[in-house]
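Residue numbers (this note's numbering), protein chains in the order written: chain A, 168 to 589; chain L, 2 to 222.
Built from N, CA and C at the ideal position, the CB exists for glycine as well.
Heads up: the structure comes next, in structure tokens.
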Amino acid sequence: MIDQLFVSGYTAVMRIVEKFVPGWLATVISILLRIGAIAAIAPAIMMYLTWLERKIIARMQNRLGPNRVGPYGLAQPLADGLKMLIKEDIVPRGADHLLHFLGPVLAVVPAILVFAVIPFGRNMVAVDLDVGVLYVLAVTSISSYAIFIGGWASRSKFSVLGAIRSVAQIISYEVPSVLSVVVLLMVVGRLSTVAIVEAQAQQWFVFTPWGFIGAAIFFLSGIAEVNRTPFDMPEAESELVGGFHTEYSGMKFALWYMGEFLGAFAISAFTTTFFLGGWQGPSLPLWPMCLLMIPVVATAARMPKLLRAIGVVALAAAAPGLVGETVPSWMWFLSKTYALVFVLVWLRGTFPRLRVDQLMGLAWKFLLPMALINIVAAGVWVMWPGVVGTVVSAAMLAISVVVLVRLNAPAPLQPRRYVLVD
Amino acid sequence: MACFWQALAGGGMIGAGVLKGMALTFREFLGTYPAFRWVLERVGVTTNSGIVTSEYPEKKLEHPERFRYFPFLVYDGTPENLRCVSCKICEQECPPQCIHILGPAKDAQGRPLKVNGRTIPEKFDIDMSICMSCRICVDVCPFDAIEMDNQYEFAVTDRFGPLVFDKNQLLRSNEYFQKIKPIEAATVDQRLAAKAKKAAPAASAAAPAAGQPSQPATTSQ
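Okay, structure coming up:
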């Protein structure tokens with residue numbers, strides 16, 4: 168019941184609507200409901216991703232993170248949003264006004280568009296496109312136009328340099344990203360995101376040799392495509408001030424950030440969909456989760472006492488009612504996605520930014536050959552089903568990883584001789 | 002070709018460095034939560050000190066004794082008995098020129114008004130919005146009349162008016178100085194006592210000789 172909560176809600180609304188309005192209007196309302204859900208969820212996701220990222224990064228640096236606005240800083244995204252809305256929007260003199268405006272819009276639109284094909288749960292997808300994967304790849308690559316338009320229209324050297332770097336980076340990483348998805352088509356045989364998730368009912372693809380490597384390549388090149396640390400060359404603060412968004416302020420700046428964070432979420436969501444089994448998961452009972460939440464809610468020291476008491480009582484009351492229910496599919500999907508978001512932030516908290524040549528080297532000299540070999544490995548896996556295929560493809564991939572890493576290792580530097588000293 | 006095989010053989014486990022770095026950040030992440038910290042300690046994983054943030058308005062850091070912010074004027078006993086004689090050295094030396102002294106105060110006849118044998122400033126203003134906490138005024142003062150305070154919460158809503166502190170706002174007792182900076186106050190007290198001792202014999206010798214010196218005008222306003 169909980170599994171289909173949102174789907175049944177939608178069906179119930181549509182049943183009522185269909186009784187009162189003609190067929191074509193019902194179709195329009197159905198479309199609007201789906202769009203409305205995405206339009207409501209996407210900004211909320213973006214706002215709380217900023218909060219989540221700041222909190223996690225802060226903890227990794229032994230800090231507390233935002234904690235002034237609301238309990239645990241939970242109202243911080245609202246305060247930030249309000250600040251961005253009422254800030255002055257400065258357009259540099261000599262900037263191309265139309266393109267300067269178009270840049271951030273073009274960055275956000277594709278980031279929201281891809282939400283249409285994310286299967287959030289069983290039957291929970293806005294549109295089950297037959298060309299879902301192709302649609303995702305096509306739409307996400309628009310963001311390089313957005314960045315270049317925005318950077319160029321700003322008429323600032325920092326912006327243009329950032330934009331140039333960005334285009335080079337996005338085009339480079341597009342190649343391994345697309346090739347890592349090819350393996351899915353070989354195995355599943357369809358481009359629909361829903362079909363890909365359903366094909367993983369027996370085994371998540373990440374547990375196959377080609378799936379593991381494919382997931383790693385897709386995730387890594389995804390991080391690079393949405394310009395996140397450690398691949399944030401286009402907006403390298405320490406070198407380019409702000410990169411392509413140097414000349415942006417106010418809500419346009421917020422839109423750039425929205426595009427970036429939605430992109431980060433989308434990359435996590437699609438890695439989940441393509442390789443981590445999407446909304447599939449072992450059918451665990453739901454009530455123990457409910458009980459596990461009780462001590463968490465009870466010990467949330469910064470929450471108002473009344474809210475904690477209500478939460479504990481509600482959870483305790485809900486637990487017996489949930490006996491027989493399994494963890495719903497959308498909860499599986501969201502937990503996997505947020506686990507990957509955590510990994511994104513974790514990477515950001517750990518690694519410094521790559522140098523430009525290292526960045527390009529990673530894409531062309533490591534990820535691209537690996538993606539090609541991965542296709543062959545997937546072919547082997549399909550050709551010899553069972554243990555033989557798995558072992559052979561795993562050996563192929565392991566050997567090629569070792570060879571590629573070793574061959575790409577930087578040449579050891581000769582000890583430097585100081586002529587005048589010696 | 003030899004280079005090729007050499008490259009293949011060299012180095013440790015692939016990705017070991019990456020995993021090591023990520024393990025470190027994750028350990029620090031967990032170490033900030035008391036429950037996870039407890040588990041980590043049982044397992045034997047060492048973490049750093051946990052959260053180092055001091056949540057300012059609720060908790061304040063203990064400042065070292067030498068911590069300084071804005072200057073104040075010292076008085077002995079009663080506020081009338083302030084040490085400043087309005088010599089205006091600090092006013093001259095102040096690099097950002099935030100000290101403004103009017104004085105010495107004069108009586109109706111135009112003679113300098115004296116409290117305990119010392120002239121007093123008529124007005125003594127310090128513009129705290131300009132003061133840069135350099136402590137030069139303290140160093141140049143020959144009477145140890147001005148010292149640095151360690152209070153730092155002076156937030157006001159107006160940039161100009163309220164941050165100009167007048168004499169009454171600047172006055173603090175010597176006991177206050179001894180309380181906030183015991184070591185510094187002790188050396189100052191010692192120095193003043195030595196000065197008084199040196200002055201006392203001279204004064205007692207001079208007093209009978211002069212016959213009728215200008216009596217300490219203990220006029221209280």
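Hey, quick one: how far does the alpha helix (DSSP H) through residue i stretch, first residue to last?
i	result
His267 (chain A)	264–280
Leu453 (chain A)	Unbroken run through Leu453 (chain A): none, as it is neither H nor E.
Pro96 (chain L)	That residue, Pro96 (chain L), is in no alpha helix (DSSP H); it is neither H nor E in DSSP.
Gln525 (chain A)	523–528
Ala366 (chain A)	Ala366 (chain A) -> no alpha helix (DSSP H), and no H or E assigned at all.
Cys138 (chain L)	137–141
Pro376 (chain A)	376–392
Met353 (chain A)	324–355
Arg201 (chain A)	190–227
Asp247 (chain A)	243–253
Ile477 (chain A)	472–488
Identify the continuous beta strand (DSSP E) that holds residue i and give its terminal residues.
i	result
Ile169 (chain A)	Looking at the DSSP string, Ile169 (chain A) is not in any beta strand (DSSP E), and its letter there is neither H nor E.
Glu148 (chain L)	147–149
Ser174 (chain L)	172–174
Output needed for residue i: all residues of its chain with C-beta closer than 6 Å, excluding positions within five of it in sequence on either side, in chain order.
i	result
Ala436 (chain A)	Ile285, Thr504
Ala421 (chain A)	Met251
Thr360 (chain A)	Val284, Pro286, Gly299, Thr440
Pro233 (chain A)	Arg221, Gly240, Gln243
Pro97 (chain L)	Ile131, Met133
Arg38 (chain L)	Gly32
Please return the same chain residues whose Cβ sits closer than 8 Å to the Cβ of residue i, not counting the five positions on each side in sequence.
i	result
Ile338 (chain A)	Ser311
Met2 (chain L)	Low confidence applies here, because Met2 (chain L) scores a pLDDT of 48, under 50, leaving its location unreliable; read the following figure in that light. Excluding sequence neighbours, Met2 (chain L) sits near nothing in its chain.
Val334 (chain A)	Ser311, Ile314, Phe315
Leu453 (chain A)	Ile169, Leu489, Glu492, Thr493, Val494, Pro495
Trp218 (chain A)	Pro233, Gly240, Leu241, Gln243, Pro244
Val236 (chain A)	Ala242, Gln243, Leu245, Ala246
Do residue i and residue j have their CB atoms nearer than 8 Å?
i	j	result
Gly104 (chain L)	Ser87 (chain L)	yes
Tyr76 (chain L)	Leu193 (chain L)	no
Phe411 (chain A)	Gln336 (chain A)	no
Gly493 (chain A)	Leu451 (chain A)	What sits at residue 493 (chain A) in the sequence shown is Thr, not Gly. Yes, Cβ-Cβ distance for Thr493 (chain A) and Leu451 (chain A) is below 8 Å.
Ile384 (chain A)	Ala538 (chain A)	yes
Met133 (chain L)	Phe166 (chain L)	no
Met425 (chain A)	Val275 (chain A)	yes
Ser388 (chain A)	Tyr340 (chain A)	yes
Trp371 (chain A)	Ala545 (chain A)	no
Pro72 (chain L)	Val157 (chain L)	no
Leu41 (chain L)	Thr33 (chain L)	no
Ile212 (chain A)	Val512 (chain A)	no
Arg160 (chain L)	Arg69 (chain L)	no
Met214 (chain A)	Gly248 (chain A)	yes
Trp423 (chain A)	Arg289 (chain A)	no
Ile52 (chain L)	Asn229 (chain A)	yes
Ala146 (chain L)	Leu74 (chain L)	yes
Residue i bridges to which residues according to DSSP?
i	result
Phe166 (chain L)	L:Ile127
Gly45 (chain L)	None; Gly45 (chain L) has no bridge partner.
Tyr76 (chain L)	L:Leu83, L:Ser174
Leu103 (chain L)	L:Lys124
Pro113 (chain L)	L:Lys107
Gly288 (chain A)	A:Met291
Arg119 (chain L)	L:Val116
Thr610 (chain A)	No answer is possible for residue 610 (chain A): the residues shown for chain A start at 168 and end at 589.
Less than 7 Å separating the Cβ of residue i from some heavy atom of the ligand SAH?
i	result
Ile196 (chain A)	Of ligands this structure carries none, so the ligand SAH is not represented either.
Could you pull out every residue in the same chain whose Cβ sits closer than 7 Å to the Cβ of residue i, ignoring the five residues on either side in sequence?
i	result
Tyr153 (chain L)	Tyr70
Ala184 (chain L)	According to the sequence displayed, residue 184 (chain L) carries Ile and not Ala. So the qualifying residues of the chain are Glu66.
Ser221 (chain L)	Confidence at Ser221 (chain L) is low in this model, with a pLDDT of 42, below 50, so the placement of that residue should be treated as unreliable; the coordinate-derived value is given next. The residues are Glu81.
Val141 (chain L)	Ile90, Cys91, Glu94
Gln213 (chain L)	With a pLDDT of 46 at Gln213 (chain L), under the threshold of 50, the modelled position of this residue cannot be trusted; read the value that follows with caution. Closer than 7 Å at the Cβ level, and outside the excluded window around Gln213 (chain L), lies no residue.
Phe533 (chain A)	Leu571, Asn575
Pro217 (chain L)	Confidence is the limiting factor: at Pro217 (chain L) the pLDDT is only 44, short of 50, which leaves the residue's position unreliable, though a coordinate-based value still follows. Answer for Pro217 (chain L): Lys115, Asn117, Gly118, listed in chain order.
Taking Cβ-Cβ distances shorter than 9 Å, what residues in chain B pair up with residue i?
i	result
Val46 (chain L)	Judged by its chain identifiers, the structure shown contains no chain B, and its protein chains are A and L.
Should the segment 516–525 of chain A be regarded as contacting the segment 482–490 of chain A, the criterion being three or more beta carbon pairs within less than 8 Å? no
Take every Cβ of the segment 259–267 of chain A, pair it with every Cβ of the segment 319–334 of chain A, and state whether three or more of those distances are shorter than 8 Å. yes
Touching by the beta-carbon criterion (3+ pairs, under 8 Å), the segment 548–557 of chain A and the segment 43–57 of chain L: no
Segment contact flag, the segment 205–219 of chain A with the segment 176–190 of chain A, C-beta cutoff 8 Å, min 3 pairs: no
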